[in-house]
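Q:
6 protein chains.
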Amino acid sequence: MMNNKNIKIGVIIPNIGMTLEEMEIRRRHLLRVCHPNTSVFLVKNEFGPKSIESQVEHEQASVEIVKQAVLLEREGFDVLIPWCGGDPGVIACREAVKIPVVGPLQSSCVIASTLGYRFGVITPLFKNIKLVEQRIWNLKFHHFLAKVRSVDIPVLELRKDLFILLETLTKLIKIMIKEDGADVIVMTCMGFFGLPEELMKRVPIPIIDPGWAAIKMAETYAHMKLAHSKYTYAFPEK
Amino acid sequence: MMNNKNIKIGVIIPNIGMTLEEMEIRRRHLLRVCHPNTSVFLVKNEFGPKSIESQVEHEQASVEIVKQAVLLEREGFDVLIPWCGGDPGVIACREAVKIPVVGPLQSSCVIASTLGYRFGVITPLFKNIKLVEQRIWNLKFHHFLAKVRSVDIPVLELRKDLFILLETLTKLIKIMIKEDGADVIVMTCMGFFGLPEELMKRVPIPIIDPGWAAIKMAETYAHMKLAHSKYTYAFPEK
Amino acid sequence: MMNNKNIKIGVIIPNIGMTLEEMEIRRRHLLRVCHPNTSVFLVKNEFGPKSIESQVEHEQASVEIVKQAVLLEREGFDVLIPWCGGDPGVIACREAVKIPVVGPLQSSCVIASTLGYRFGVITPLFKNIKLVEQRIWNLKFHHFLAKVRSVDIPVLELRKDLFILLETLTKLIKIMIKEDGADVIVMTCMGFFGLPEELMKRVPIPIIDPGWAAIKMAETYAHMKLAHSKYTYAFPEK
Amino acid sequence: MMNNKNIKIGVIIPNIGMTLEEMEIRRRHLLRVCHPNTSVFLVKNEFGPKSIESQVEHEQASVEIVKQAVLLEREGFDVLIPWCGGDPGVIACREAVKIPVVGPLQSSCVIASTLGYRFGVITPLFKNIKLVEQRIWNLKFHHFLAKVRSVDIPVLELRKDLFILLETLTKLIKIMIKEDGADVIVMTCMGFFGLPEELMKRVPIPIIDPGWAAIKMAETYAHMKLAHSKYTYAFPEK
Amino acid sequence: MMNNKNIKIGVIIPNIGMTLEEMEIRRRHLLRVCHPNTSVFLVKNEFGPKSIESQVEHEQASVEIVKQAVLLEREGFDVLIPWCGGDPGVIACREAVKIPVVGPLQSSCVIASTLGYRFGVITPLFKNIKLVEQRIWNLKFHHFLAKVRSVDIPVLELRKDLFILLETLTKLIKIMIKEDGADVIVMTCMGFFGLPEELMKRVPIPIIDPGWAAIKMAETYAHMKLAHSKYTYAFPEK
Amino acid sequence: MMNNKNIKIGVIIPNIGMTLEEMEIRRRHLLRVCHPNTSVFLVKNEFGPKSIESQVEHEQASVEIVKQAVLLEREGFDVLIPWCGGDPGVIACREAVKIPVVGPLQSSCVIASTLGYRFGVITPLFKNIKLVEQRIWNLKFHHFLAKVRSVDIPVLELRKDLFILLETLTKLIKIMIKEDGADVIVMTCMGFFGLPEELMKRVPIPIIDPGWAAIKMAETYAHMKLAHSKYTYAFPEK
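Residue numbers (the working numbering), protein chains in the order written: chain A, 15 to 252; chain B, 15 to 252; chain C, 15 to 252; chain D, 15 to 252; chain E, 15 to 252; chain F, 15 to 252.
#1: Do you know how far the Cα of residue 207 (chain F) is from the Cα of residue 175 (chain F)?
#2: Which word fits residue 85 (chain E), buried or exposed, when buried means at least 16 other C-beta atoms lie within 10 angstroms of its C-beta?
#3: According to DSSP, is residue 220 (chain C) part of a helix, a strand, or is it coil?
#4: Look at residue 161 (chain A) and residue 91 (chain A) and say whether their C-beta atoms are less than 8 Å apart.
#5: What did DSSP end up calling residue 196 (chain F) once you bin it into helix, strand or coil?
#6: Can you pull the chain F neighbours of residue 148 (chain D), defined as C-beta to C-beta under 8 Å?
#7: Assuming residue 224 (chain F) and residue 238 (chain F) form a contact by the criterion Cβ under 8 Å, report the distance between their Cβ atoms to the nearest whole angstrom.
#8: Pairs of beta-carbons, one from the stretch 211-226 of chain D and one from the stretch 121-132 of chain D, closer than 8 Å: are there three or more?
#9: Just verifying my parser: in three-state terms, what is the DSSP assignment at residue 118 (chain B)?
#10: Residues of chain C with CB closer than 7 Å to the CB of residue 69 (chain B), please, in chain order.
#11: Report yes or no: is there a C-beta of chain F within less than 8 Å of the C-beta of residue 185 (chain E)?
#12: Rounded to whole angstroms, what is the Cα-Cα separation between residue 156 (chain C) and residue 39 (chain E)?
#13: Using a Cβ-Cβ cut-off of less than 9 Å, list which residues of the stretch 184-210 of chain E approach chain A; keep chain order.
#14: Could you tell me which of A:147, A:213, A:111, A:195 sits nearest to residue 123 (chain A), measuring between CA atoms?
#15: Taking the continuous alpha helix (DSSP H) assigned at residue 253 (chain C), which residues delimit it?
#16: Quick one, which of F:32, F:59, F:16, F:54 has its alpha-carbon nearest residue 41 (chain E)'s?
#17: Counting only beta-carbon atoms, is residue 135 (chain C) nearer than 8 Å to chain B?
#18: Excluding the 5 residues flanking residue 32 (chain B) on each side, which residues of the same chain have their C-beta closer than 7 Å to its C-beta?
#19: Do the CB positions of residue 228 (chain B) and residue 95 (chain B) come within less than 8 Å of each other?
#20: For the alpha helix (DSSP H) holding residue 77 (chain E), just list the boundary residues, first then last.
#21: With a threshold of 8 Å between beta carbons, is residue 53 (chain F) in contact with chain E?
#22: Can you grab the Cα-Cα spacing for the pair residue 81 (chain F) / residue 140 (chain B), in whole Å?
#23: Is residue 44 (chain E) buried or exposed, if buried means 16 or more other CB atoms sit within 10 Å of its CB?
#24: Looking at chain D, is there any beta carbon in it that lies within less than 8 Å of the beta carbon of residue 22 (chain B)?
#25: What do you reckon, are the CB atoms on residue 199 (chain C) and residue 125 (chain C) nearer than 8 Å?
#26: Measuring straight from C-alpha to C-alpha, what distance separates residue 49 (chain F) and residue 50 (chain E)?
#27: Is there a Cβ from chain A that is less than 8 Å from the Cβ of residue 144 (chain C)?
#28: Quick check on DSSP: helix, strand or coil for residue 178 (chain B)?
#29: Flag residue 138 (chain B) as yes when its Cβ comes closer than 7 Å to any non-hydrogen atom of the ligand MN, and as no otherwise.
#30: Rounded to whole angstroms, how far is the Cβ of residue 28 (chain B) from the Cβ of residue 97 (chain B), which I believe are closer than 8 Å?
#31: Who are residue 163 (chain D)'s beta bridge partners in DSSP?
#32: Using the C-alpha atoms, what's the distance from residue 164 (chain E) back to residue 190 (chain E)?
#33: In chain B, which residues lie with their C-beta within 7 Å of the C-beta of residue 18 (chain C)?
#34: According to the neighbour-count rule (16 or more other Cβ atoms, all chains shown, within 10 Å of its Cβ), is residue 105 (chain C) buried or exposed?
#35: Give every residue of the same chain whose Cβ lies closer than 7 Å to the Cβ of residue 232 (chain F), excluding the five residues on either side of it in the sequence, and list them in chain order.
This is the structure we're talking about:
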């Protein structure tokens, strides 16, 4: 009767500059919400952009993520998570492999949609706001969207001073509650991982950790034996 | 680093006719996908309808579910799940208590929305099709809806012959794939619990078990420390 | 050729605290816009909340409204109106009885939708704004919605000083015209009855009296011999 | 306290071929659902199309309807109704005069939207189906639309054999219930006046008489003292 | 292989006050973006309004435009463009003739929709903002709409001082970029012709010239041999 | 006054298998609708998929298209067109270069949206139907969509027997008119180029040639001096 299922989750890191130490910090963060029999492996791509802040980089990353996904499926992974808050490679991977592939942005949106009426979205750069709006639209969660706002900090500088980042986010979220009517917050960058837990002590609304959203969705798929239908996500030609 | 969190999930049974044995079968089914430190308790309401097949019964059930929810919160439960595929009492409970309250229908829809482009919905009775369509609309998942269909069997007779039910569902789902373009199936009645696992061996698309969807969402909320914002779901007057 | 039809309209009061005198004031207000052969009876529920300011109270009221509706149908009423601007019991009653059941909020929205391009909505409490937005969505009138705003006064204190309330509403409506682009106003609380007539002398846009909207819709149903189809609102099991 | 208001409703006939006898039959039909103090006058335009079955004729009729509306307002009418199921001249008249102007199609749609979940629409000619769909969209009632179907009979021949027309409509509505899921019927031609009463004896769903819908909406506006805001429908230049 | 097609485009001027000189200025402006084998003829209606600033004038103009269109088709024109930013007569003409009929507003919207995520719309008069919003809705481009704003200058005075107009528009567009998030601008009045070219030197986003949008769409239809289907835009009765 | 502008359009071929002869046939086809001063150059990518029939191949192609676009911009091209009916690389190129980048699918949809009420879409493979539906959604043209259908022939075999293909398409389009209510046809594969001209002799509705739609949109952008705003499509990091 008990759930002793061993699950092997592969987290694909598309940003080639991430250090092993940084990867270990993320792995530990993810394990904090997992089933004890869940193993989490972070695998970094060899090629790709340093950070993903445009559609150009998104698609560059996507191509490499798909290659990685095919390898990881062969190695017996049960679920895959591309580690990026814009969901690069998610649709393509669902075609290329049979195991389920989690979109961190998609997972964050679906959880957020159950917690309130309108979620606000925070993205690192101001220049990406319209791109993010379009992604929420593509996911068909636009009816839940209050507004997309940014802290206007490049992805690679986000975590340079976590204290200042927390202050900035706290102020921003208070504005989003008051002016945009946001009652839940979604963060479209994995660089914000770990902060929602802290932020929820400072503001009165739920905030989705994109890493945790992804890992819990991965476990949900695996424990429920769900995968993306090949009827929908047909195999590519070759 | 490991997740040793003990979680106590309360499942509220609004159908007063359910036997202790039936409840135990459902509890065991739920535990099959849980974290080992998750405890699941099923609690039956004293008053309410035998089954919930109308808005009238939905609201009768709701009032009793809210009362039960307030008691269970006091007893230290971490998350609550009203056991009905129409989500009775879910909004009201989110007002009445501080702990998160899971909607099995809502949970099924959000998971389904990530697995394909259009989900079909199966409800027991033909006469409820329009009511169910309206509920999908209210949840703002109408853009994902292929079509609602029914097996036209009353809730209390659903599980009388599981073999026939499986046959009926298999045929119906094949029609939904072909004629409605459904690529995922959502089942709006808890009476279908356990069958998706079996059905997925017979049809090539993912099918959401409403019980498992609810229990995994419950764990997701609890492990991520999320609850419905009181800003959104304000306490009732008294 | 003339319309001599005698119509008996039952107005169900779910708020148990309303006095007989208050009920008579409302009855006289309603009669001011009726056909001379229309009789209006106000009937107060024995159980239920003092006021309805949450989904919890909404559903508590609903259960009692349905019981009352069944009794009134047996007594030969032609149309029923639950007296609440959130339309509690409206869907359930349409299942439970054969005679038409009017939603005051729904009636206000449909009339408002014909008078301009975007209506603003006023609700008593700030904390209910999101709940009201959701209700407009559920009714599928969201495309007509400018914005929901509140006077932030509890329902039971609304009419304590009608002079101040008129001042407050006048100011609020002027803001709604200018900032929200509202060109019609809907009021989601029966406690505002009688005020629209006065307000229309002060602001240049139409304002819907929820009581009058309901009673005119009741007459419309009755004179046109319309009722909610049992095909759509199927009888509950018992 | 009683409603003794005398209301003078002007019905503008844009079809220049209608005889005085035909007009009197329509007037008597309308009076059957009116308040005893309501007077109904039918006024025929001097110029315009014989029937309105295209956007070309719609706009030709509209120009004449506006001229008539300006004259009738000067003569002290309280409300105006252009007698056509496509609502020609309705928006223009709301600009040109201060008194309320009723759209029979709009009135039918709003009433239908309160009686079920999806209304089917019947229009005389097959070639007009897409035009009618567009009009339902323009009115923002597309979310309620099941499907538009036609009897494919020209407007001027519709009432030549009412017996056959009733048979044809009965069959069509049964198809609309079964195949389109329609639970209410809207008729976009005044030529169908009087038939819904008969049809409702033959099919189990409500059917809106466009003439009655318009006249009851006219009374609703007048008794509630509502008119279209000049803020929204600004006067034309001259 | 080369495209030597001679195309004759008829531009119908509904504003009876336009001088021959003004018409020639417009013709030259249009030719600046045409194929060398494209001929452009401007034809002024004999009757109609001086300017089109209301639905009343819109429909008055429409009736005359249709008459003109029928004549021009007989004279061998290949495409027609009613010269008004509100698209009067466009739908009616598509019924009345077989050759394609261009809507300047529709053409502007479709081009704008390909250049960014949300276009702002500028209309001459404040009082027309809601009417213009409704037209964008009717065209089904509402999802692309940032906001409609006006310079609040009557059409006939728009071009009295082009220098001031350019200043006013520059300021307005900067506000629309900043406050409304507009990334493209559509102008719903032909009176703005020629200004977008100038404005694009002052603001960093694309601005659609409604005249050029129409004439390029006209060439597109003609060169691609496309016309509006008579299946959709059926001939009027006579 | 005349338009003597020389325009240099670069058509990027992502399918590495296309022969020079096939490219020349396409170039000649495009020139048939161009301005005489428009030059069209077809440039084939060195790397990439043989055909694009999945999201995987779409993104592989996209990365190569962007590289090519950057080179072509440096060489002085005025507008670019990726030659694929799924619009790969279109959004990314709009970030990477300053000159306008045309989406053939987007161009086809916007032209189609002006010619009727609902367009049908034809795609080569059955397995791609849902992917194409999602793309129409992403472009926000879903309100115009009748239905997506396929001839179920792989892209590389489409033109093997043009006679049979024409027969197949003719039959399919007749079904789409009758069953789906399509009044315009969009073809989401460049492999269908040239056929619409032929098909329009056989069926009574307009059909968009995706190549011509793209080239006319390219000329429209260039002649109107329009480009995608860098405000919207921000440059990528490097």
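Even glycine gets a Cβ: it sits at the ideal position worked out from N, Cα and C. Values in this document were obtained by computation on a predicted structure and should not be read as measured data.
A: Reading it off the structure:
#1: By 1-based counting over the sixth sequence, the position of residue 175 (chain F) is 161. By 1-based counting over the sixth sequence, the position of residue 207 (chain F) is 193. For residue 175 (chain F) and residue 207 (chain F), the distance between alpha carbons rounds to 14 Å.
#2: By one-based count along the fifth sequence, residue 85 (chain E) stands at place 71. It counts as exposed.
#3: Taking the first residue of the third sequence as 1, we reach residue 220 (chain C) at position 206. Residue state, collapsed to three classes: coil.
#4: One-based indexing of the first sequence puts residue 161 (chain A) at position 147. One-based indexing of the first sequence puts residue 91 (chain A) at position 77. In this structure, residue 91 (chain A) does not lie closer than 8 Å to residue 161 (chain A) by Cβ.
#5: For this step, residue 196 (chain F) is matched to residue 182 along the sixth sequence. In the structure shown, residue 196 (chain F) sits in coil (DSSP, three-state: anything other than H, G, I, E or B).
#6: Locating residue 148 (chain D) in the fourth sequence gives position 134, counting from the first residue. Near residue 148 (chain D) (Cβ distances below 8 Å), the residues of chain F are 131.
#7: The count along the sixth sequence starts at 1 and reaches residue 224 (chain F) at position 210. The count along the sixth sequence starts at 1 and reaches residue 238 (chain F) at position 224. Rounded, the Cβ-Cβ distance is 21 Å, inconsistent with contact.
#8: yes
#9: Against the second sequence, residue 118 (chain B) aligns to sequence position 104. DSSP places residue 118 (chain B) in helix when its eight states are reduced to three.
#10: Within the second sequence, numbered from 1, the residue matching residue 69 (chain B) stands at position 55. Result: 105, 106, 109.
#11: By one-based count along the fifth sequence, residue 185 (chain E) stands at place 171. No, residue 185 (chain E) does not count as interfacial toward chain F.
#12: If you number the third sequence from 1, residue 156 (chain C) lands on position 142. If you number the fifth sequence from 1, residue 39 (chain E) lands on position 25. Going from the Cα of residue 156 (chain C) to the Cα of residue 39 (chain E) covers about 45 Å.
#13: 195, 197
#14: The residue labelled residue 123 (chain A) in the question sits at position 109 within the first sequence. Out of A:147, A:213, A:111, A:195, A:147 has the C-alpha closest to the C-alpha of residue 123 (chain A).
#15: Because residue 253 (chain C) is not part of the residues shown, which for chain C are 15 to 252, the question remains open.
#16: As a position in the fifth sequence, residue 41 (chain E) is number 27, starting the count at 1. Ranking F:32, F:59, F:16, F:54 by Cα distance to residue 41 (chain E) puts F:16 first.
#17: In the third sequence, the residue the question calls residue 135 (chain C) occupies position 121. Not closer than 8 Å to any Cβ of chain B, the Cβ of residue 135 (chain C) fails to qualify, so no.
#18: Looking up residue 32 (chain B) in the second sequence gives position 18. Answer for residue 32 (chain B): 58, listed in chain order.
#19: On the second sequence, residue 228 (chain B) is found 214 positions in, with the first residue counted as 1. On the second sequence, residue 95 (chain B) is found 81 positions in, with the first residue counted as 1. Result yes, Cβ atoms of residue 228 (chain B) and residue 95 (chain B) sit closer than 8 Å.
#20: Along the fifth sequence, read from residue 1 onward, the residue named residue 77 (chain E) stands at position 63. Counting along the chain, the alpha helix (DSSP H) containing residue 77 (chain E) begins and ends at 69-88.
#21: Here residue 53 (chain F) refers to the residue found at position 39 when the sixth sequence is read from its first residue. No, no contact with chain E.
#22: To locate residue 81 (chain F), count along the sixth sequence from 1; it is residue 67. To locate residue 140 (chain B), count along the second sequence from 1; it is residue 126. So the two alpha carbons sit approximately 56 Å from each other.
#23: Mapped onto the fifth sequence, residue 44 (chain E) falls at position 30. Classification of residue 44 (chain E): buried, given that the 10 Å Cβ count is 16 or more.
#24: Translated into positions along the second sequence, residue 22 (chain B) becomes position 8. No, no contact with chain D.
#25: In the third sequence, residue 199 (chain C) corresponds to position 185, counting from 1. In the third sequence, residue 125 (chain C) corresponds to position 111, counting from 1. No. Outside cutoff.
#26: For the purposes of this step, residue 49 (chain F) is taken as the residue at position 35 of the sixth sequence. For the purposes of this step, residue 50 (chain E) is taken as the residue at position 36 of the fifth sequence. One C-alpha to the other measures close to 8 Å.
#27: Here residue 144 (chain C) refers to the residue found at position 130 when the third sequence is read from its first residue. Output row for residue 144 (chain C): interface = yes.
#28: Taking the second sequence and counting its residues from 1, one reaches residue 178 (chain B) at position 164. Helix.
#29: This structure lacks the ligand MN, and indeed carries no ligand of any kind.
#30: Counted from its first residue, the second sequence places residue 28 (chain B) at position 14. Counted from its first residue, the second sequence places residue 97 (chain B) at position 83. Right, their Cβ atoms sit about 7 Å apart.
#31: Sequence index remark: in the fourth sequence, residue 163 (chain D) carries index 149 (1-based). According to DSSP, residue 163 (chain D) bridges with D:136.
#32: In the fifth sequence, counting from the first residue as 1, residue 190 (chain E) sits at position 176. In the fifth sequence, counting from the first residue as 1, residue 164 (chain E) sits at position 150. Roughly 11 Å between the two C-alpha positions.
#33: As a first step, residue 18 (chain C) is located in the third sequence; it is residue number 4 there, counting from the start. By Cβ distance, chain B contributes nothing, its closest Cβ being about 35 Å from residue 18 (chain C), past 7 Å.
#34: For the purposes of this step, residue 105 (chain C) is identified with residue 91 of the third sequence, where counting begins at 1. Buried is the call here.
#35: As a position in the sixth sequence, residue 232 (chain F) is number 218, starting the count at 1. Answer for residue 232 (chain F): 23, 93, 95, 116, listed in chain order.
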